[in-house]
Every structure is written in structure tokens, then in C-alpha cells.
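Novice: Position 31 (the sequence shown) corresponds to 32 in the working numbering; numbering is contiguous. Yeah, the Cβ is synthetic: ideal placement off N, Cα and C, and Gly gets one too. Model, not experiment: these values are computed from the prediction.
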Amino acid sequence: MLQKIQDMLNEVENLEAHSAEEIEALRIKYLSKKGSIAALMNDFRTVPAEQKKEVGIKINELKTRAFDKINSLRAAFAQTDTDDSDIDITRTAYPTPLGTRHPLTIVKNEIVDIFSRLGFSLAEGPEVEDDWHVFGSMNFADDHPARDMQDTFFIEARPDVILRTHTSSVQSRVMEHTQPPIRVICPGRVYRNEAISARAHCFFHQVEGLYVDREVSFTDLKQVLLLFAREMFGENTQIRLRPSYFPFTEPSAEMDISCNICGGKGCSFCKHTGWVEILGCGMVDPAVLELNGIDPTIYKGYAFGMGVERITNLKYQVKDLRMFSENDMRFLKEFEAAN
Ligand code: DAH
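1) Assign T250 to one of two classes, buried (16 or more other C-beta atoms within 10 Å of its C-beta) or exposed (fewer than that).
2) Could you spell out where the alpha helix (DSSP H) holding T220 opens and where it closes?
3) Compare the Cα-Cα distances from T298 to each of F219, P287, I38 and report the closest residue.
4) Put A254 into one of helix, strand or coil per three-state DSSP.
5) With a Cβ-Cβ cutoff of 7 Å, do F305 and L322 count as a contact?
6) For a test of your reading of the model: does the CB of S170 fall under 6 Å from any non-hydrogen atom of the ligand DAH? Yes or no.
7) Assuming T313 and L105 form a contact by the criterion Cβ under 8 Å, report the distance between their Cβ atoms to the nearest whole angstrom.
8) Return the CA-CA distance between Y212 and F247, expressed in angstroms with no decimal places.
9) Hey, Y192 and T166 are a contact pair by Cβ (cut 8 Å); roughly how many whole angstroms apart?
10) Measuring CB to CB, does L242 end up less than 7 Å from A230?
11) When every heavy atom of the ligand DAH is checked, does at least one fall within less than 6 Å of the C-beta of A339?
12) List the residues that DSSP assigns as beta-bridge partners of K30.
13) Would you check if there are 3 or more beta carbon pairs closer than 8 Å linking the stretch 172 to 191 to the stretch 111 to 130?
14) Compute the Euclidean distance between the alpha carbons of R148 and A201, then round it to the nearest angstrom.
15) Y95 by DSSP, collapsed to three states: which one?
16) Distance, Cα to Cα, W276 vs D89?
17) Quick one: grab the DSSP three-state call for E327.
18) Taking DSSP as the reference, what is the three-state secondary structure of H206?
19) Do the CB positions of L16 and L32 come within less than 7 Å of each other?
20) If we call anything under 7 Å between Cβ atoms a contact, is N261 one with L228?
21) Give the single residue among K64, D114, H103 whose Cα lies nearest to the Cα of K34.
22) Are V56 and M2 close, meaning C-beta to C-beta below 7 Å?
23) Distance check for F136 and T97, CA to CA, integer angstroms please.
24) Can you check which of these residues, I38, T93, S20, is closest to F78 by C-alpha distance?
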């Protein structure tokens, strides 16, 4: 019996296998219920009492050795299985989808880019503002309708704290700590208390421009805006300025561009007029310069403000404003090429 166990121990030490199946076959041969070690255990009953202790120890040793050997074969096999030589490093990688910029970001960047080429630098201000920067410093009369609860989001506990309704507030933020020459472009989000629909939203985006220096004329404003329109919408774009009113500019105007969807012939987008309004502008009212610490007898300025959604709609013909904030991947993916 002892000899039989010793032979089997030697056999087990020299086991080899080349596949998972072979390892499994060895396990069954030695370690299963009907395997050769189980058979030895059966024979244990016939071992004379005085040898039982020695034989028992030996059988246990055999069992542990067989168990360890098969496990180590398994481990070695698992290692060879994932050998580097199996990896084809020349294979093309799985494509990782890249994110895309939001259409409003693409257009905002383009606007900022055009004006930075004209020497405008970037300025930003807070979205949570106070009444002074949004209205007071911009020459709004105390009873101006824009201050009305219909338009502005107020915070009940702090009547002075509001969400800015336009980026003109950044004009004031810049002027209060900078003396001319000032040439800034100010992109940002603005908020108005409007019901959400295809044509209106409670938040949207604007880009404000401000230029203050000694000799600034309406002609400068018009020329800069013409250049902007042509850079943005193509060199055949026409502009037209219509007289308008804003508390912070005098004279004030609204600017239309020839509809770039129908080329000025008339379509549903331009309501068959051939023109679409894209911004408000004007010469900075001397009162605004004064309110913000700039001497209006020395300096003059022009300002303009445009809606980023509006420009994006025109450029990409997005019909429903809600698309911009719904994060529908199918919509966002359409702007992959514009990134
Ligand atoms: N703040 C105006 C608005 O939200 C837009 C605007 C008009 C800005 C004329 C200006 C400007 O700087 O000169 O409707």
C-alpha cells in the first residue's frame, strides 16, 4: 500500500497538461469521487491497524500534493492563455466617440473670435446681479417696465438681488473699474421670466460689445457691425439699421441682416421681408458714462448686444429654442462637423 502511494506521488509530481480540457481530465482521474485517490481511501479499510497512522498521513500528503499540482497547472495555463504574443497590436482600435461642442458654444466662440480679431478683449460678469448693475447704472428709470416682475427674476428675501436680464450689466462692471480706451466683448447667460415655448425661454445667451474712447462715432459702430455680419454670415450679407430706443444708448438702433436663409428673397423665417433682426446697438448715452465714472465730456462710446440663440437659429436653422437645452444627443451630434 505504501509503495502504491509513493508511486502515485511520483506520478503526480510529473503531471503535465496543455489545455484546460487536459487539466480537467487529470482532476477527474485523481481527485473526483471515483478517482484513484478516492479508491486508495476505500482500500484504507483493509490496512492493518498498526499501519493505519502511517498510511493515513501518506494518503493525505498525496491528496494535498495532487490538489496543489492541478491548481498550479491551471494557474500556469491561465497565464499562457493571456500571453502578450496573443495580442495583435497592429489591429485598429475600437473607435471612441468624441463629445461635441454645444451649438451655442460654437457660435459664441465664433462671435468672440471675430471681435477679438478687431482688438476686443473678453470680459465677464456675474449672472446673479444687483439692480444697480442691471438697471440703475444702465440709465433705466425707476419705473421702467423691464424692472417689472413679469420680466425679472427676483429673490423674495433679497429684493436687490436679481438674475441679470441682459449682459449690458457687464458694461457697467467693466467701466466702474477701467478708464478708456475700453474695448470689450462680453458673452454670457441671461434670464427672463418668460413661459418656455419654441420661441421663448426663461434663459438664453447674449454677447455684449462696448467700445469707449476719445473719438468714437456712429460710423465706426456701423462699420464694425457690417464686418461682423459678413464674417458671420458670408461676404454678400447686407445690413440695415432701424432707429430704436434703449435707455443706455442715444441714438439707438436695431440691426437687420439680409435673410441668409432665402438670400433676401423672402421666406417664412424672415416673414417674407428679406430681413432679420439680429442685434440692438447705439452710441453709449453720456448719462451711462457718467453713472459709471467716465467723463462724457472727454469720452464717447458705442455698444451693441446680440442674442446667441438668434444667430445660431439663422446659421443652422434651428426652429425650436427648446432644442438648445434638452440635451438630445441626436440634435447635438448634428454639430460634430462644426466643432
Ligand atoms: N440689452 C439689450 C437687450 O437685452 C440689447 C442691447 C441693445 C445691448 C443695445 C446694447 C445696446 O449694448 O447698445 O435687449
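Specialist: Answer, in terms of the structure:
1) Burial call: buried.
2) Element bounds for T220: 219 to 234.
3) The shortest C-alpha separation from T298 is found at P287.
4) Strand at A254.
5) It is not a contact, given that the beta carbons lie outside the stated cut-off.
6) S170 Cβ: outside cutoff for every heavy atom of the ligand DAH.
7) Contact between T313 and L105 holds: their C-beta atoms lie close to 6 Å from each other, under 8 Å.
8) Cα atoms of Y212 and F247: separation of roughly 17 Å, rounded to the nearest angstrom.
9) Contact check for Y192 and T166: beta-carbon distance about 7 Å, within the 8 Å limit, so the pair qualifies.
10) No. Outside cutoff.
11) Flag unset: Cβ of A339 not near the ligand DAH.
12) K30 is bridged by DSSP to nothing; it lacks a bridge partner.
13) At 8 Å Cβ cutoff, the stretches touch.
14) R148 and A201: Cα-Cα distance of roughly 19 Å.
15) Taken through DSSP and simplified to helix, strand or coil, Y95 comes out as coil.
16) If you draw a straight line from the Cα of W276 to the Cα of D89, it comes to about 60 Å.
17) Here E327 sits in coil by DSSP.
18) It is a strand residue.
19) Going by C-beta atoms, L16 is not nearer than 7 Å to L32.
20) Contact: no.
21) For the residues K64, D114, H103, the minimum Cα distance to K34 belongs to K64.
22) Taking 7 Å as the Cβ cut-off, V56 and M2 qualify as a contacting pair.
23) Taking the straight line from one Cα to the other gives about 48 Å.
24) Per the Cα distances, S20.
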